[in-house]
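Report on one structure; see the data block that follows.
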Amino acid sequence: RPQLIPWSVNTLAQAAALAALEDVAFAAETHAWLEAERGSFQERLRSLAGCWRVFPSRVNFFLLRMERTGLTAPELAARLARRGLAIRDASNFLGLGERYVRVAVRGAGENRHLLEELGKEF
25 RPQLIPWSVN TLAQAAALAA LEDVAFAAET HAWLEAERGS FQERLRSLAG CWRVFPSRVN
85 FFLLRMERTG LTAPELAARL ARRGLAIRDA SNFLGLGERY VRVAVRGAGE NRHLLEELGK
145 EF
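Residue numbers for the sequence shown, in my numbering: 25 to 146.
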């Protein structure tokens, strides 16, 4: 790690970041949307009874442990990728194993589509 080159951010990106930080209304709207969609998505993930352990989240993604499948995380990620869906294989995260994936909270339609496709796998 001491050998890593610092990641630079250009002036335009810095200005955009500062402007975004000043947009308090947008931040509040986004936070409210995320709270609502995250709760709904979590309930629907848990409705796939016995398929997952859904770990609590306060951010825009969920960590899931597959419970009832012969698939590994890399296999599930690859199968969904062939159908145009991206989930994060978390099997290489420190302390996790081949049964862990991470899914992002997206819009209601995208979340519903992901759940439909996950339902086909379990």
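The C-beta atom is built at its ideal place from N, Cα and C for all residues, glycine as well.
For clarity, every value in this text was computed on a predicted model and none was experimentally measured.
Cut-off 7 Å between Cβ atoms - residues of its own chain near residue i, not counting five sequence neighbours on either side
i      : result
Arg103 : Glu145
Close Cβ partners of residue i (< 6 Å) along its chain, the five nearest in sequence each way excluded
i      : result
Gly131 : none
Phe65  : Val129 and Asn135
Phe79  : Leu87
Separation of residue j from residue i, as counted between CA atoms
i      : j      : result
Gly133 : Leu69  : 14 Å
Leu139 : Asp113 : 16 Å
Phe117 : Glu53  : 32 Å
Ala13  : Ser32  : In the structure as shown, the chain begins at 25 and stops at 146. Residue 13 is therefore absent and cannot be evaluated.
Proximal residues to residue i (C-beta, below 8 Å), its chain only, five neighbours per side dropped
i     : result
Leu58 : Asn84 and Val129
| field | Segment contact, 8 Å Cβ cut-off, at least three pairs: the segment 84 to 98 with the segment 42 to 51 | value | no
| task | Let me know the alpha helix (DSSP H) ranges lying completely inside the segment 68 to 142, each 4 residues or longer, listed in chain order. | result | 97 to 106
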